[in-house]
Amino acid sequence: LKFFIRKKKYFNLGSDIAKQAADIILTDDNFASIVKGIEEGRLLFDNLRLSIAYTLAHLWPEIFPVVLQFTLGLPLGLSALQILSIDLASELPPSISLAYQSPENDIMRIPPRHRNDRLVSRPLLIYSYAFTGTIITVGCIISFLFVYRYHNIGLNDLLFTADNYWSREANNFTVNGVDVLTPSEQLYIKGQAAAAWQITLVVSQVFHLYMCTTRGTSFFRHATTNLVSIFAVIIEILSLNFFIYTPFAQSFMETQSPPNEL
């Protein structure tokens with residue numbers, strides 16, 4: 379009996395060592411579980427990458443308003459509260475929804491990735507910052523300048539005006555040597571321009587979300603079945619409308635409804 383107990387103890391110890399040394403542990407007698415496990419691992423890796431790529435893309439459009447203010451003296455395109463509303467309300471649900479993305483049809487036909495491949499790779503950073511982030515930023519700048527152009531304020535009129543204008547204590551702003559804008563009128567226009575920047579950023583990210591639902595397959599060939607992403611977009615649009623168009627939010631966000639022509 380003592381011999382049997384000792385042998386069983388060593389057997390269990392050997393099994394534990396084997397489990398610790400193994401790359402894959404099969405918990406049932408079905409070898410198809412290995413294939414399923416590999417598929418789940420690939421899906422998890424892909425979805426994490428998609429979520430990171432989606433999230434990083436909106437950081438450059440959030441930083442660029444500060445760059446424009448410090449370098450060209452333009453009015454601030456996004457306030458700190460707007461950035462918080464984007465990060466914590468508008469963008470959070472879509473980035474989480476990508477974790478529920480279903481696998482693409484060819485996920486098991488692609489070659490295995492290299493063991494040294496990183497989750498955040500150089501191509502991913504180039505895609506998010508240099509490609510997608512730049513496109514969204516350009517769209518935000520165009521919308522931002524369009525609002526001022528709508529009020530007959532050109533880019534040359536805006537250069538290096540951030541220090542003396544666009545605040546409650548600002549001086550009167552003369553446009554084209556004719557029209558004079560009071561501080562309250564300046565704040566109203568600035569609020570419209572900031573709202574235009576935020577709308578362009580969030581709406582662009584809605585389209586970007588569905589670009590991120592596939593790794594390489596066309597969206598039209600791999601239509602989304604992720605209901606979580608649909609609800610996330612609804613929340614994103616509702617939160618955007620709340621922060622831009624409700625008087626309560628406008629009072630502390632310092633935004634105004636942009637022109638209908640936008």
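Counting from 1 along the sequence shown, just add 378 to a position and that's the residue number in this note's numbering. Backbone N, C-alpha and C define an ideal beta-carbon position, used for all residues, glycine too.
What's the gap between the Cα of residue 425 and the Cα of residue 478?
A direct Cα-to-Cα measurement between residue 425 and residue 478 gives close to 8 angstroms.
Please state whether DSSP places residue 539 in a helix, a strand or coil.
DSSP places residue 539 in coil when its eight states are reduced to three.
Who are the Cβ neighbours of residue 510 in its own chain at under 7 angstroms, not counting the five residues just before and after it?
Within the same chain, residue 510 has close Cβ partners 435 and 586.
Use the C-beta contact count for residue 458: other C-beta atoms within 10 angstroms, 16 or more gives buried, fewer gives exposed.
Exposed: under 16 other Cβ atoms inside 10 Å.
For residue 550, which residues from the same chain have a beta carbon less than 8 angstroms from its beta carbon, with the 5 sequence-adjacent residues on both sides left out?
Non-local C-beta neighbours of residue 550 in its own chain, meaning closer than 8 angstroms and more than five positions away in sequence, comprise 558, 559, 560 and 561, ordered along the chain.
Which whole-angstrom value describes the C-beta separation of residue 440 and residue 456, a residue pair presumed to lie in contact below a C-beta threshold of 8 angstroms?
Indeed they touch by this definition, with Cβ atoms about 6 angstroms apart.
Could you work out which residue in 427, 563 and 618 is closest to residue 583 when comparing CA atoms only?
Minimum Cα distance to residue 583 is reached at 618.
Look at the alpha carbon of residue 438 and the alpha carbon of residue 409, and state the distance between them as a whole number of angstroms.
Each residue's alpha carbon lies about 46 angstroms from the other.
Got a sec, what are the start and stop residues for the alpha helix (DSSP H) residue 641 sits in?
Residue 641 is absent from the model: the chain starts at 379 and stops at 640.
Per the DSSP calculation, residue 557 is bridged to which residue(s)?
553.
Count Cβ pairs between the segment 528 to 537 and the segment 442 to 454 that sit closer than 8 angstroms; are there 3 or more?
The segment 442 to 454 and the segment 528 to 537 touch, with three or more beta-carbon pairs separated by less than 8 angstroms.
Cα-Cα separation, residue 420 to residue 485:
Spanning the alpha carbons of residue 420 and residue 485 requires a straight line of approximately 7 angstroms.
Considering residue 499, what are the terminal residues of the alpha helix (DSSP H) in which it resides?
For residue 499, there is no enclosing alpha helix (DSSP H), since its DSSP letter is neither H nor E.
With a CB to CB cut of under 7 angstroms and the five nearest residues on each side skipped, what residues in its chain are close to residue 384?
Confidence is the limiting factor: at residue 384 the pLDDT is only 48, short of 50, which leaves the residue's position unreliable, though a coordinate-based value still follows. Excluding sequence neighbours, residue 384 sits near nothing in its chain.
Beta-carbon proximity check, residue 573 vs residue 622, cutoff 8 angstroms
Closer than 8 angstroms, so yes.
In its own chain, which residues sit with a C-beta less than 6 angstroms from the C-beta of residue 607, not counting the 5 before and 5 after it?
Answer for residue 607: 475, listed in chain order.
Residues of its chain near residue 472, where Cβ-Cβ distance is below 8 angstroms and the 5 sequence neighbours each way are ignored
Leaving aside the five residues that flank residue 472 on each side, the residues in its chain whose CB is nearer than 8 angstroms to its CB run, in chain order, 432, 583, 584, 587, 607, 610, 611 and 614.
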